[in-house]
Amino acid sequence: MPITSARILLENFAVTVDIGIHDFERGQPQRVLVSVEMEVDVDPTGAGDDIERVLDYDFVRTEILDLVSEQRFNLQETFCHAIIQIIAERSAVRWVRVTTRKPDVYEDCEAVGFSLLYER
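Positions 1 to 120 (my numbering) are the ones given, in order, by the sequence shown.
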């Protein structure tokens, strides 16, 4: 049976990010939920159950953690773009969608967010 699509997901990964344009946000890291979905060229059924032969989602999590520890962002748009740039360096990635949400901005909203899609 041929596999026509393989996707990797990282959903609602909670990170603490120094993000925001307002004076009261600067230097006050906020909780941000990051979701990543990507389609990859790898057929996991043909990988022989070998992690070395697939695109490991651990790299996405690790790269996001490194990014938020090294950089400050004004906008969620910029944060999403920075994540996409890292993931797009992997040749196996056909497309990637990154969504960020700030759940603690408004009491009457579940979250405010932004999403970007990159396709080869």
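Backbone N, C-alpha and C define an ideal beta-carbon position, used for all residues, glycine too.
Predicted model, so just to flag it, every value in this text is computed and none were measured.
Can you tell me the Cβ-Cβ gap for residue i and residue j, rounded? I've got them flagged as a contact below 8 angstroms.
i	j	result
residue 103	residue 26	Not confirmed; about 19 angstroms, so no contact.
residue 63	residue 35	Contact doesn't hold; Cβ gap of about 15 angstroms is too wide.
Nearest by alpha-carbon distance to residue i: which of the options is it?
i	options	result
residue 97	7, 21, 71	7
residue 73	10, 9, 2, 21	21
residue 13	87, 19, 2, 33	33
residue 76	99, 70, 91, 36	99
residue 111	119, 120, 101, 117	101
residue 116	78, 107, 106	78
residue 59	71, 88, 4	88
residue 9	37, 120, 92	37
residue 71	19, 4, 109, 57	19
residue 57	92, 82, 3	92
Just to confirm, are residue i and residue j a CB contact at a threshold of 8 angstroms?
i	j	result
residue 24	residue 80	no
residue 94	residue 17	no
residue 118	residue 86	no
residue 65	residue 90	no
residue 68	residue 105	no
DSSP has residue i in a bridge; who is on the other side?
i	result
residue 14	33
residue 105	Residue 105 pairs with nothing; no bridge assigned.
(message) Report the start-end ranges of each alpha helix (DSSP H) in the region 66-103 that is 4 residues or longer and not cut off at the edges.
(response) 76-88
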